[in-house]
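>
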Amino acid sequence: MSIQKWILIAVWAIFGGTVVFSLKSCIDSTEAQATTDHSTSAAARFVNNKFPDFGQMISPKDFSEQYPGEEVFKLKQDYPLDMPPDSEIPPFFDIPFDEGDQWMDYAKAVRDYCFEGMIEVDFDANKNEKRQWYHMPWMHWGDQATEGFNGLAKEAQISPLQLTPEQTDAHQVYALGFYNSFAGYTLAQMWQDPINPNPAATQAPEGGFPVGTVIFKLLFTDADESQVDYLTNPFVWNGYVTRTWSDSVRVVKPMQLIQMDFMVRDPRADQYGTGWVFGTYCYNGKLNEGKTGAARAENLVPVGIQWGNDPQDTTNFINPYPPLRTIINPNLQQTRINPDSTQLPPQHLGWGGRLDGPVDLNTASCMSCHATAEFPQIGALVPAEAFIGIKNKNGVMVKLTETDAPEWKKYYTNLRCGTPYDSEATSCDFSLQVSLALEYFYQWKSQDEAGQWYHDFLQADRPIHRGASEHLKALNMK
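The sequence shown runs 0 to 477 under numbering that gives the first Met the number 0.
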């Protein structure tokens, strides 16, 4: 397995007074952009290359016999070749995310936008009659391929104690990402020629996800309420997943929703040097109050939002596993965290209290990880310094000791949208799935054409740090 692939699947890659915005390029929201004539049969202008829908599944015979009446996952891939009109700019862009407590209204409005037309069709993007959502192609390839029940792709492992004191076992995470019509337009620019993708589609100044882009991701786990009490009253999907994270044999398992992430290309974040707003939610089934089926997704509680890495704040602390309370760092200016312990289960968050989801590594942050997205994936999604520090008697990291290292400081700078993390690479504009899809495509092409590609040799030979694996080793568990 290639170095890029191990790096990419460590953390995925998941994932805003009234103002009128026009659609602008990623790197400079003030520059004019050529307009598209939407009067010319726009409905017929789309990419529909019929990329494979998924990569791993039980046989059609077993599926029809064991799951009568169910449908397999279908990739939503009719990506639009026309830029959506300004009228499709999300309505929550009139909510100031960086003023006082209004970030909570922003986070809830983003969730409502993502859920509209989705809950009633069990998040089947092909059936949403309210707005268009799309999926990333090429996630079907390789050992970590998407499965056929719901299109879930394998992500990083959950370490023991990462979620609750009762969580003594390691668990898996599988996820599915959704891209709105603005993001779909960029996917069309990249994948219009299915055998000759254009990686520059996500790099500024010509490329990049446009203003109005919304991407969200649903994350599911094979943990349940026996070890994670807030997973009671679960929202469950079947998944054809590996028996354990380190296993290669797949079985059908019930997978419980645990987290949702979003990223929004909001031009008001340009002033902070990023152009993106990130957010994450934690599932809390204790709030269910009679909801059933996909409506239980409404039990997702905002953890917080982030629009920058607060590079000026070097407060060096980690909330160790298991999280007993959510520790909020009041010095952070570009992260907001939900303080309501009656709604939000205890969160470990990221380094120094930056935004981070329950299944994510507690020495990273949403924005620092996604900023590394590039092709080829030269930069590590989590640098080595995240695993060097002081540990408690359980072998769990409680404080980092290499936070003055250049790579660590780089990891917590604010990177402008459409800018590559490394100068030798092309930016994937904060989308780790874009980076992963391109990597998978070129792996396939190398095998198909029986040759090798120069980008495989651009990376330095470095150890690959997988957060969950490091913690498992520290705990002497397998």
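A virtual CB, placed ideally from N, CA and C, is assigned to each residue, including glycine.
On a predicted model such as this, the values are computed, not experimentally measured, just so you know.
If contacts are defined as beta-carbon pairs under 8 Å, then F122 and N237 qualify, I think. What distance do you get, rounded to the angstrom?
By 1-based counting over the sequence shown, the position of residue 122 is 123. By 1-based counting over the sequence shown, the position of residue 237 is 238. The pair is not a contact, with the Cβ atoms about 13 Å apart (cut-off 8 Å).
> Considering only the beta carbon of each residue, do R249 and C416 sit closer than 9 Å?
Within the sequence shown, residue 249 is the residue found at index 250, counting from 1. Within the sequence shown, residue 416 is the residue found at index 417, counting from 1. Contact: no.
> Take D168 as the anchor and find which of F208, N125, W244 has the nearest alpha-carbon.
Looking up residue 168 in the sequence shown gives position 169. Among F208, N125, W244, the Cα nearest to that of D168 belongs to W244.
> My output table needs one value for E297: the three-state DSSP class, helix, strand or coil.
Walking along the sequence shown from the start, residue 297 turns up at place 298. If DSSP states are grouped into helix, strand and coil, E297 belongs with the helices.
> Hey, how far is the Cα of K409 from the Cα of D228?
For the purposes of this step, residue 409 is identified with residue 410 of the sequence shown, where counting begins at 1. For the purposes of this step, residue 228 is identified with residue 229 of the sequence shown, where counting begins at 1. Rounded to whole angstroms, K409 to D228 spans 37 Å at the Cα level.
> My output table needs one value for I257: the three-state DSSP class, helix, strand or coil.
Here residue 257 is taken as the residue at index 258 of the sequence shown, counted from 1. Here I257 sits in strand by DSSP.
> Terminal residues of the continuous alpha helix (DSSP H) containing C365?
Along the sequence shown, one-based indexing puts residue 365 at 366. First-last of the alpha helix (DSSP H) with C365: 365–369.
> For Q65, does the count of other Cβ atoms within 10 angstroms reach 16, so buried, or fall short, so exposed?
In the sequence shown, counting from the first residue as 1, residue 65 sits at position 66. Q65 should be labelled exposed.
> Would a C-beta distance cut-off of 9 Å place A372 and M135 closer than the cut-off?
For this step, residue 372 is matched to residue 373 along the sequence shown. For this step, residue 135 is matched to residue 136 along the sequence shown. It is not a contact, given that the beta carbons lie outside the stated cut-off.
> Measure the alpha-carbon distance for F316 versus L299 and round it to whole angstroms.
Residue numbering aside, residue 316 sits at position 317 when the sequence shown is read from its first letter. Residue numbering aside, residue 299 sits at position 300 when the sequence shown is read from its first letter. Roughly 27 Å between the two C-alpha positions.
> Could you spell out where the beta strand (DSSP E) holding K216 opens and where it closes?
Here the question's residue 216 lines up with position 217 in the sequence shown. Per DSSP, K216 belongs to the beta strand (DSSP E) from 213–220.
> Can you tell me the Cα-Cα spacing of A106 and W190, whole angstroms?
The residue labelled residue 106 in the question sits at position 107 within the sequence shown. The residue labelled residue 190 in the question sits at position 191 within the sequence shown. Answer to the nearest angstrom: the Cα atoms are 31 Å apart.
> Near T314, which residues of its chain fall below 7 Å by C-beta distance, leaving aside the five closest residues on each side in sequence?
Residue 314 sits at position 315 when you count from the first residue of the sequence shown. Hits under 7 Å: N328, N330, G351.
> Using the three-state DSSP reduction, which class does A155 fall into: helix, strand or coil?
The sequence position of residue 155 within the sequence shown is 156, counting from 1. It is coil, neither helix nor strand.
> Using the rule of at least 16 other Cβ atoms within 10 Å of the residue's Cβ for burial, across every protein chain shown, is A363 buried or exposed?
The count along the sequence shown starts at 1 and reaches residue 363 at position 364. Flag for A363 reads buried.
> Out of curiosity, what's the CA-to-CA distance linking N413 and K398?
Counting from 1 along the sequence shown, the entry for residue 413 is found at position 414. Counting from 1 along the sequence shown, the entry for residue 398 is found at position 399. If I take the Cα positions, the gap works out to 23 Å.
> Excluding sequence positions up to five away, which residues of its chain have a Cβ less than 7 Å from the Cβ of Y239?
Taking the first residue of the sequence shown as 1, we reach residue 239 at position 240. So the list reads Q55, M56, I57, E146, G147, F148, R249, V251, once near-sequence residues are dropped.
> With DSSP collapsed to three states, give me the class of A169.
Counted from its first residue, the sequence shown places residue 169 at position 170. Reduced to three states, the DSSP call for A169 is coil.
> Pairs of beta-carbons, one from the stretch 95–102 and one from the stretch 156–172, closer than 8 Å: are there three or more?
Contact fails: fewer than three Cβ-Cβ distances are below 8 Å.
> According to DSSP, which residues form a beta bridge with E119?
Taking the first residue of the sequence shown as position 1, residue 119 is located at position 120. None, per the DSSP bridge assignment.
> By the 10 Å Cβ neighbour count, where 16 or more other Cβ atoms means buried, how is R324 classified, buried or exposed?
Here residue 324 is taken as the residue at index 325 of the sequence shown, counted from 1. With fewer than 16 Cβ atoms within 10 Å of its Cβ, R324 is classed as exposed.
> Candidates F429, I377, L354: which alpha carbon is nearest A370's?
Looking up residue 370 in the sequence shown gives position 371. That would be F429, whose Cα lies nearest to the Cα of A370.
> Tell me whether the beta-carbon of P382 lies closer than 9 Å to the beta-carbon of E406.
Locating residue 382 in the sequence shown gives position 383, counting from the first residue. Locating residue 406 in the sequence shown gives position 407, counting from the first residue. A contact, by the Cβ cut-off of 9 Å.
> According to DSSP, what are the bridge partners of Q305?
Within the sequence shown, residue 305 is the residue found at index 306, counting from 1. Beta-bridge pairing links Q305 to F277, T334.
> Using the C-alpha atoms, what's the distance from F53 back to N139?
Along the sequence shown, one-based indexing puts residue 139 at 140. Along the sequence shown, one-based indexing puts residue 53 at 54. Note that residue 139 corresponds to His in the displayed sequence, not to Asn. When rounded, the distance between both Cα atoms is 5 Å.
> Would you report the Cα separation of A144 and Q258, rounded to the nearest angstrom?
Here residue 144 is taken as the residue at index 145 of the sequence shown, counted from 1. Here residue 258 is taken as the residue at index 259 of the sequence shown, counted from 1. Roughly 20 Å between the two C-alpha positions.
> Can you find the residues in the same chain that come closer than 6 Å, C-beta to C-beta, to P83, ignoring five residues on each side of it along the sequence?
Along the sequence shown, one-based indexing puts residue 83 at 84. Only S180, F181 meet the Cβ criterion.
> What residues are listed by DSSP as bridge partners for W236?
Walking along the sequence shown from the start, residue 236 turns up at place 237. The partner list for W236 (beta bridge, DSSP) reads M254.
> For I94, list the residues DSSP reports as bridge partners.
Position 95 of the sequence shown, counted from the start, is the residue given in the question as residue 94. DSSP lists no partner for I94.
> Can the beta-carbon of M366 be found closer than 9 Å to that of W306?
For this step, residue 366 is matched to residue 367 along the sequence shown. For this step, residue 306 is matched to residue 307 along the sequence shown. In contact: M366 and W306 (Cβ atoms closer than 9 Å).
> For I326, collect the residues of the same chain with a Cβ closer than 8 Å to its Cβ; drop the 5 residues on either side in sequence, then sort them by chain order.
The residue you call residue 326 lines up with position 327 of the sequence shown. Excluding positions up to five away in sequence, the list reads F316, N318, L348, G352.
> Once you ignore the five residues that flank Q202 on each side, which residues in its own chain have a CB closer than 6 Å to its CB?
Looking up residue 202 in the sequence shown gives position 203. G417, T425, S426, listed in sequence order.
> Which of helix, strand or coil does DSSP assign to Q3?
Here residue 3 is taken as the residue at index 4 of the sequence shown, counted from 1. Here Q3 scores only 40 on pLDDT, less than 50, and its place in the model is too uncertain to base an answer on.
> Please work out which residues of its chain come closer than 7 Å, Cβ to Cβ, to P196, disregarding the five sequence neighbours upstream and downstream, and give them in chain order.
Within the sequence shown, residue 196 is the residue found at index 197, counting from 1. M189, W190, L437, F440.
> Thinking C-alpha only, which one of K75, L175, C113 is nearest A187?
Walking along the sequence shown from the start, residue 187 turns up at place 188. Taking only the C-alpha atoms, the option nearest A187 is K75.
> Closest to V71 by CA distance: which of S340, D61, L80 is it?
Here residue 71 is taken as the residue at index 72 of the sequence shown, counted from 1. The shortest C-alpha separation from V71 is found at D61.
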